[in-house]
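Quick note: the sequence shown uses our numbering, first residue 127, plus one each step.
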Amino acid sequence: MRRDYWETLCNIWAAERWQQTSTIMKVNRAANLEANMHTGGSVSFATHQSRLEKELKRLPTFQEVFDRTHKKKGTDQYISDRAREVAESYNQQMTEKYVGVDEQPQLDPEVWVAASGAPNKGHVYGFGNSMDTSRMLSGTSSSASQSSAFNTGTQVTDALQAQLSQTLSQVISQALSQVSIPPQAAPSTSAQAPHLS
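Below, the structure written as structure tokens:
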């Protein structure tokens, strides 16, 4: 990263307003540790889904991706009681709802919300922060049509990339406006700047 970009970011991060926001976010994350626990690391949900699809040689179910991101590596043990309870409840409800049906949908959002609890501030437990829950929980009643948002990994990836690009652009513009740099001087997110040593 160019030195002047780095120094600009350091100045933004040192600003009192940024520090206040950071403190608020830190308190929020600490308030409910189980809500923030997963084993996915910095890898996105869509990337975990894609990797699992290659490994299984088929499209994984939402339950399988959830298990991948909420179980301790190399074990069959969930990282929290909540993760275990939600997974068990979802599995049981899916079995009951689709009894006698040859193939269950990849995801039934209605069943997932019933198992995990109502959305909290627009976020559904287990969906990750980058998944657009509003489309999946918009009130349409067909589980099959709702699950199509999860069925095509490329659509999820494309949507996530578009949202990330838009969010990154907004954050950079906001950050630069705080230090009085016109937005057109913002570094391009598409080109990589050289790293500092």
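For each residue, glycine too, the CB sits at the ideal point set by N, CA and C.
- DSSP places residue 152 in the helix class (H, G or I) of the three-state scheme.
- Judged by their CB atoms, residue 216 and residue 191 are not nearer to each other than the 8 Å cut-off.
- Nearest to residue 194 by alpha-carbon distance, out of 184, 206, 136, 178, is 178.
- One alpha carbon belongs to residue 129, the other to residue 302, and they sit about 15 Å apart.
- Judged by pairs of C-beta atoms under 8 Å, the stretch 207-223 touches the stretch 234-254, as three or more such pairs exist.
- Here the alpha carbon of residue 138 sits roughly 20 Å from the alpha carbon of residue 290.
- By the C-beta density criterion, residue 252 is buried, having at least 16 other C-beta atoms within 10 angstroms.
- DSSP lists 197 as the beta-bridge partner residues of residue 204.
- In the same chain as residue 229, and ignoring 5 residues on each side of it, no C-beta atom comes closer than 8 Å to its own.
- In the DSSP assignment, no residue is bridged to residue 174.
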